[in-house]
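The numbering used here puts the last residue of the sequence shown at 331; the count rises by one with no breaks. From the three backbone atoms N, C-alpha and C, an ideal C-beta is built for every residue, glycine too. These numbers were taken from a predicted model, which means no experiment stands behind them. The structure under discussion appears below in the form of structure tokens.
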Amino acid sequence: MKYRLLATDLDGTLLTDQREIDIETIEAIQEYRRRGGRVVICSGRSPLSTRWIANTIGLKGEPIIAYNGAILLDENGEVSEQSVFQHESLLSFWELCEREGIYAHFYKGDTLLVPKVNKWNETWIENNIPSLKRSGGEFKNCQSFREKCQVHVIEHFYQYLKENQPEITKIAVFDDSNALEDFSKRIGEQIEDMEISSSFNFINLEISPSGVTKASALLKLSEQLGIPISHTAAIGDNYNDALMLSAAGLGIAMGNAPDKVKLLADQVTGNNNDAGVARAIRRYLLD
Numbered sequence: 045m046k047y048r049l050l051a052t053d054l055d056g057t058l059l060t061d062q063r064e065i066d067i068e069t070i071e072a073i074q075e076y077r078r079r080g081g082r083v084v085i086c087s088g089r090s091p092l093s094t095r096w097i098a099n100t101i102g103l104k105g106e107p108i109i110a111y112n113g114a115i116l117l118d119e120n121g122e123v124s125e126q127s128v129f130q131h132e133s134l135l136s137f138w139e140l141c142e143r144e145g146i147y148a149h150f151y152k153g154d155t156l157l158v159p160k161v162n163k164w165n166e167t168w169i170e171n172n173i174p175s176l177k178r179s180g181g182e183f184k185n186c187q188s189f190r191e192k193c194q195v196h197v198i199e200h201f202y203q204y205l206k207e208n209q210p211e212i213t214k215i216a217v218f219d220d221s222n223a224l225e226d227f228s229k230r231i232g233e234q235i236e237d238m239e240i241s242s243s244f245n246f247i248n249l250e251i252s253p254s255g256v257t258k259a260s261a262l263l264k265l266s267e268q269l270g271i272p273i274s275h276t277a278a279i280g281d282n283y284n285d286a287l288m289l290s291a292a293g294l295g296i297a298m299g300n301a302p303d304k305v306k307l308l309a310d311q312v313t314g315n316n317n318d319a320g321v322a323r324a325i326r327r328y329l330l331d
């Protein structure tokens with residue numbers, strides 16, 4: 045087997061638009077594992093979210109890359125490595141958000157810190173832990189994971205950041221006025237120690253500590269597992285996957301990926317609603 049490790053994104057890749065995983069895809073993943081391959085979830089989602097999904101589709105016991113590389117979970121689901129933002133960078137970032145009237149929320153472990161309740165966070169727990177009903181998820185287990193997630197509304201956010209110095213591993217930014225492309229440029233110009241990626245057409249921004257990407261995490265994990273990066277495959281659909289697709293020995297873009305991401309990949313598969321991951325595994329990895 046040439047590619048002994050597969051790193052897969054979740055949203056827009058493994059997950060359909062209905063936040064389910066096709067049975068065909070689950071079967072292809074398990075066939076790959078039976079032949080000796082290892083499968084690692086590599087997502088911007090939280091540790092609990094990635095663990096819940098991994099457990100549901102039979103990947104319990106595999107390491108996980110969460111929060112776009114800021115957190116690595118070991119085979120037991122415990123945090124083995126964590127990267128956090130510099131305190132001064134967080135304060136400067138929040139001041140910039142205030143000046144620009146931009147909403148952001150902050151991830152501290154499996155807790156979401158928000159300045160107010162709004163449409164971007166009010167259903168976060170349910171979205172973070174999808175039911176996966178059609179993918180084999182059991183209601184009782186789903187509820188158990190959801191109970192471990194928390195959303196904390198912080199009234200005086202700047203004061204909270206300054207006094208408590210929380211260990212923040214990821215920031216998400218949202219806006220309805222098409223301002224995020226310009227806002228991302230100002231972050232890069234005014235604030236150090238931040239990695240910025242975006243979804244389609246700058247619908248939102250995902251921000252990580254400096255040097256933290258899915259690619260850097262995959263390189264670290266492949267070394268820990270003793271698998272050369274040239275013998276790894278990665279599959280994803282969005283800009284925060286681009287570096288990972290370039291770094292892996294085989295980079296596979298989803299059919300629903302932007303053209304710029306497809307150009308960085310070695311191969312392109314079907315879309316996330318048509319078992320694209322299963323197609324890729326069967327075509328490129330089962331040898």
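Taking DSSP's pairing of strands, which residues face glycine 280 in a bridge? Ala297
Counting pairs of beta carbons, one from the region 86-105 and one from the region 126-133, are three or more of them closer than 8 Å? no
Just mark valine 83 as buried or exposed, buried being the case when its beta carbon has 16 or more other beta carbons within 10 Å. buried
Do tyrosine 147 and asparagine 162 have their C-beta atoms within less than 9 Å of each other? yes
For valine 123, does the three-state DSSP call read helix, strand or coil? strand
Once DSSP output is grouped into helix, strand and coil, what is the label at isoleucine 149? Reading off the sequence, residue 149 comes out as histidine, not isoleucine. Histidine 149: strand per DSSP, three-state reduction.
If I follow the unbroken alpha helix (DSSP H) through serine 87, where does it start and stop? Where serine 87 is concerned, there is no enclosing alpha helix (DSSP H), given that its DSSP letter is neither H nor E.
Specify, as a first and last residue, the run of the beta strand (DSSP E) that serine 241 falls within. 238-242
Would you report the Cα separation of glutamate 166 and arginine 230, rounded to the nearest angstrom? 28 Å
Which listed residue (Val158, Gly181, His200) has its alpha carbon closest to that of valine 217: Val158
Taking buried to mean at least 16 other C-beta atoms within 10 Å of its own C-beta, is valine 256 buried or exposed? buried
According to DSSP, what are the bridge partners of serine 133? Paired residue(s): none; serine 133 is not in a bridge.
Taking Cβ positions, are leucine 156 and histidine 196 nearer each other than 9 Å? yes
Since leucine 262 and threonine 276 should fall inside the 8 Å C-beta cutoff, what is the C-beta to C-beta distance between them, to a whole number of angstroms? 7 Å
Through-space distance from leucine 289 to isoleucine 73, alpha-carbon basis: 19 Å
Go ahead and pull the three-state DSSP assignment for lysine 163. coil
Residue environment, asparagine 300, which counts as buried when at least 16 other CB atoms sit within 10 Å: buried
If you measure between the beta carbons of tyrosine 283 and serine 242, is that distance less than 9 Å? yes
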